[in-house]
Amino acid sequence: MSEHCAWLLPACLPGAVPHLGHLLCLLGCLAGTSINPMLRAAQLAADASRSVLLLVPWVGAEQQPLIYPAGLTFSSHQEQADYILQEARKRTGLPCNFTVKFYGGKYFPSFGSVFPVEDIVKLIPPEQRDVAILEEPEHLNWFQHSSRWSRAFKHVVGIMHTNYLAYVKEGPTGTGFLNAAAVYRVNRWVCRIHCHKNVKLSDAVQALPHQVTCNVHGVAAAFLDIGRAKAAKPPPGQHRFTKGAYFIGKAVWGKGYRELINMGAEYNQARADPLVLDVVGSGEDLPAIQAAAAQKALDWRWLGAKDHAEPAMHDYQVFLNPSTSDVVATTTAEALAMGKWAVVPDIACNAFFKQFRNCLQYSDAAGFVSAVDKALLNEPTPMSDGELNKLSWSAATERLLEVGSMAAADWPSAAETRYNAALWRMYRSIVGFTALREALGMTSPTGTDEPAVDSEDLDDDDEYQQQQQPAAEAPAVDGSKRVRDNSEGARVARAAAAQKEIEEARSLAGAEADSWDDDFQYNHM
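Throughout, our numbering is defined as the position within the sequence shown, counted from one, plus 1332.
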């Protein structure tokens, strides 16, 4: 493996190698999923032989209040970089000797997300394009049609943080299946196009090409320190925990509040004494959530936003997280690290937590009631050093380096390489259509707000097309750079040609092409 490694958030990962020189981390959004990649960068940078670059979207001053906590804004790249490094050091206790660099980003209200508005690949010197870790590669590349990561870098690993299918199924009545079918296909396409290997944190994430399932996230050192302190024997007559049950999460429906309310109502029906619960979190859906809880006669305390590691949270004995849309819930890992009981459903997103003695899993309402009773009546077992280590970022990084590596058999065959290239040509042609981008709310009247618009220069992914049709993209007589015709008619022609190439590649691949069928099929309710 070469010495250079790029990390992109959400973007890229190095394989299991003894030395990683340059590591680029690309942060593709600014939600909670940005915290884990920051902590991963800090852990990787702990090895002095690695030069780690964290690449972060820069959002203009007029949009910062829309996405950052109240009162938090940045006037310069340096100010935000200093904040990120300070936050990383506070959460990890590590030197955090990584570099922070920015790419142009814009918040699109129609998606509630930040997307890149420039070609990120071109910000990275060619000599540093060895290994890339793409955190949320699907999010990063949905509307990107400039450069192909797997051609620009020698080794690209995607890490899937979010169950987007669960979110789109919550759309307007009657649209859920169609939305999920579209997102399922597009996610497979962009992960195949841009990544050599895709790491799913759990099997709550959809099936992907070249996938492996492994939780490669850890928890901040502060939570492990709390767990070690709670493992100590308390003075005579005192208890290690003095508070009951709580839930923590941003106050939006997608964070499990429907399930929490339903399970709370089930508990109250089954027991004479109602469930006493403190709910921690703020967000746009909080009034509706509180109203729904009141309709079920759930007399809970609503405490607003708090840091999960702050002292007020240490003494809770039981963490309830009935969410069914998580991939791997960071809050559950944090609660276990602090030595608490965690009561969670027995589903794919919680498979990693089964190994911990203080994780109580249930399969139905009766199981939830029994688990809550047990957790409230009995102190959890003190966390062992081995259990705490499994939740650490050090162990998570070792898992990442192991599963992200590429054996000889993992690399695509010649037939698959041709198929992947044709799929990229088709996708970049389709996603560049002005009408499509306008319908999705991804353009402005000036066109300057488009996420990752096409570069004027011909991309090296057109090499195959140039070989087949050398006259179509011939160099200009005056020696100037060749440019791509980005008219709608030209895009239609390129998409049609790419579709033909896909069929030809499938025909030539024979039985190997059977594994590509899911790229165009969706049979999941």
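We put the beta carbon where it would ideally sit given N, CA and C, even for glycine.
Inset, instruction - Please look up how many angstroms separate the CB atoms of Ile-1593 and Lys-1628, rounded, as I've assumed it's under 8 Å. - result: 6 Å
Inset, instruction - Specify, as a first and last residue, the run of the alpha helix (DSSP H) that Leu-1592 falls within. - result: 1589-1602
Legend entry - Spatial distance of Arg-1689 from Trp-1632 (CA atoms): 28 Å
Inset, instruction - Express the C-alpha separation of Ala-1728 and Val-1660 in angstroms, rounding to a whole number. - result: 13 Å
Inset, instruction - Could you name the residues that DSSP lists as bridge partners for Lys-1562? - result: Lys-1562 is not bridged to any residue.
Legend entry - Coil, strand or helix - Gly-1613 by DSSP: coil
Legend entry - Identity of the residue in Ala-1512, Ser-1724, Ile-1525 and Arg-1421 nearest Pro-1744 by Cα: Ile-1525
Inset, instruction - Report yes if the CB atom of Gly-1576 is closer than 8 Å to the CB atom of Val-1548, and no otherwise. - result: no
Legend entry - Span separating the alpha-carbon of Tyr-1578 from that of Val-1704: 11 Å
Inset, instruction - Return yes when the Cβ of Arg-1517 is within less than 8 Å of the Cβ of Phe-1852, no when it is not. - result: yes
Legend entry - Range of the contiguous alpha helix (DSSP H) that encloses Asn-1832: Position check: residue 1832 holds Lys in this sequence, whereas Asn was assumed. Here the alpha helix (DSSP H) through Lys-1832 covers 1820-1841.
Legend entry - In DSSP terms, what Phe-1440 is bridged to: Ser-1445
Legend entry - Beta-carbon contacts of Arg-1421 that lie in its chain and below 6 Å, excluding the five residues immediately before and after: Cys-1428
Inset, instruction - Measure the alpha-carbon distance for Leu-1652 versus Ser-1819 and round it to whole angstroms. - result: 54 Å
Inset, instruction - Measure the Cβ-Cβ separation of Gly-1437 and Val-1391 and say whether it is below 8 Å. - result: yes
Inset, instruction - Look at the alpha carbon of Leu-1708 and the alpha carbon of Pro-1606, and state the distance between them as a whole number of angstroms. - result: 13 Å
Inset, instruction - Determine the burial state of Ser-1812: buried for a count of at least 16 other Cβ atoms within 10 Å of its Cβ, exposed for fewer. - result: Only weak support exists for where Ser-1812 lies, its pLDDT of 47 falling under 50; the coordinates are left without a value.
Inset, instruction - Starting from the C-beta of Trp-1374, find all residues in its chain whose C-beta is less than 6 Å away, skip the five residues before and the five after it, and write them out in chain order. - result: Before going on, a small fix: residue 1374 reads as Ala here, not Trp. Same-chain partners within the cutoff: Ala-1420, Thr-1424, Leu-1426 and Cys-1428.
Inset, instruction - Verify whether the separation of the beta carbon atoms of Ile-1465 and Ile-1491 is less than 8 Å. - result: yes
Legend entry - Pairwise C-alpha distance: Glu-1666 and Phe-1555: 6 Å
Legend entry - Where the beta strand (DSSP E) through Phe-1651 begins and ends: 1648-1652
Legend entry - Cβ separation of Val-1432 and Leu-1386, assumed to be a contact under 8 Å, to the nearest whole Å: 5 Å
Inset, instruction - Go through its chain and collect everything with a Cβ distance to Ala-1413's Cβ below 6 Å, but skip five positions before and after it. - result: Val-1432
Inset, instruction - Pick helix, strand or coil for Trp-1673, following the three-state DSSP scheme. - result: strand
Inset, instruction - Just grab the DSSP bridge partners of Trp-1634 for me. - result: Val-1611
Inset, instruction - Assign Ser-1655 to buried or exposed, taking buried as 16 or more other Cβ atoms, counted over all protein chains shown, within 10 Å of its Cβ. - result: buried
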